[in-house]
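Residue numbers are given in my numbering: position 73 of the sequence shown equals residue 470, and the series is strictly consecutive. Virtual Cβ for every residue (Gly too), placed ideally from N, Cα, C. Keep in mind that this is a model prediction, so the values were computed, not measured. What follows is a single structure, written as structure tokens, with notes after it.
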Amino acid sequence: PDPKIRIYDVGMKKKGVDEFPFCVHLVSWEKENVSSEALEAARIACNKYMTKFAGKDAFHLRVRVHPFHVLRI
Numbered sequence: 398p399d400p401k402i403r404i405y406d407v408g409m410k411k412k413g414v415d416e417f418p419f420c421v422h423l424v425s426w427e428k429e430n431v432s433s434e435a436l437e438a439a440r441i442a443c444n445k446y447m448t449k450f451a452g453k454d455a456f457h458l459r460v461r462v463h464p465f466h467v468l469r470i
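See the structure below:
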């Protein structure tokens with residue numbers, strides 16, 4: 398089956414790296430299976446939060462993991 402997550406870049410994609418004052422990484426130190434539905438939910442939640450508090454064109458969010466092992470529900 399196809400993964401649920403389709404959009405990996407949101408926000409202001411055309412701005413350069415130097416134009417943003419901060420860079421934040423969310424890292425898990427444990428090996429775990431994360432479903433594509435969970436990745437899509439995390440992307441939507443981060444996008445809503447950043448749009449609400451920073452504005453639509455004030456951030457660039459990139460999901461760097463890919464669901465290689467898609468789980469059926």
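Reduced DSSP category for residue 407 - H, G, I as helix; E, B as strand; rest coil: strand
What's the C-alpha gap between residue 447 and residue 403? 19 Å
Would you please state the rounded distance, in angstroms, between the beta carbons of residue 463 and residue 409? I believe it to be under 8 Å. Not really, about 22 Å apart at Cβ, beyond 8 Å.
Residue 459, enclosing beta strand (DSSP E) - first and last residue: 457–459
Give the range of the alpha helix (DSSP H) segment to which residue 430 is assigned. Residue 430 -> no alpha helix (DSSP H), and no H or E assigned at all.
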